[in-house]
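In my numbering, the protein residues as written are 2 to 166.
As structure tokens, then:
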């Protein structure tokens, strides 16, 4: 059983590090392998896959790899632009994800809504990202990663910062 992380090399890197420490197998999907260099050198459970979330073919290649290697994906942590959700939906169908698959989706205030069927087929947990009103600033990497970890550990949706919609 494996955890798939798409979009975890930037603001989610701290959460990615924590998850690698507790999961048996983690697939790290990103354009830049160098961002994961330390994690890959120190964790045999982590595997890097070259991936561009804006490329539909990369979603297909990822699905084929998961199927060819017979990897059972039980957790998916993903932060991509909402305009690419359609590729993600196709990936879920391709890898035969089911009701036992937990999806942790980071969404900003301006993200498009999700297809309702996603909630019917999978365990979907939304990490809704907002704004830090108290300090009048955007969220830090640490605050975002902590929100992802809270959602992942407790298997629930969370709001991070002030969410306007």
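Yeah, the Cβ is synthetic: ideal placement off N, Cα and C, and Gly gets one too.
CB-CB length for residue i against residue j, believed under 8 Å
i           : j          : result
residue 153 : residue 75 : So it is not a contact: roughly 12 Å between Cβ atoms.
residue 28  : residue 14 : Not really, about 15 Å apart at Cβ, beyond 8 Å.
residue 150 : residue 16 : 5 Å
residue 63  : residue 52 : 6 Å
Where residue i falls: helix, strand or coil (DSSP)
i           : result
residue 154 : helix
residue 39  : helix
residue 133 : strand
residue 15  : helix
residue 93  : helix
residue 44  : coil
residue 88  : helix
Per-residue burial, residue i [other beta carbons within 10 Å of its own, 16 or more giving buried]
i           : result
residue 142 : exposed
residue 162 : buried
residue 89  : buried
residue 164 : exposed
residue 126 : buried
residue 10  : buried
Beta-carbon proximity check, residue i vs residue j, cutoff 8 Å
i           : j           : result
residue 102 : residue 87  : no
residue 156 : residue 129 : no
residue 54  : residue 81  : yes
residue 122 : residue 100 : yes
residue 2   : residue 35  : no
Test: residue i CB closer than 8 Å to a CB of chain D
i          : result
residue 87 : You won't find chain D in this structure, because it holds only one protein chain.
Between the CA atoms of residue j and residue i - distance to the nearest angstrom
i           : j           : result
residue 65  : residue 30  : 14 Å
residue 96  : residue 132 : 35 Å
residue 12  : residue 48  : 19 Å
residue 23  : residue 4   : 10 Å
residue 112 : residue 91  : 19 Å
residue 59  : residue 8   : 13 Å
residue 98  : residue 134 : 38 Å
residue 106 : residue 67  : 20 Å
residue 39  : residue 6   : 16 Å
residue 45  : residue 70  : 17 Å
residue 83  : residue 146 : 19 Å
residue 73  : residue 136 : 42 Å
residue 43  : residue 148 : 24 Å
Closer than 7 Å: residue i CB and nearest the ligand ZN heavy atom
i           : result
residue 117 : The ligand ZN is not part of this structure, which contains no ligands at all.
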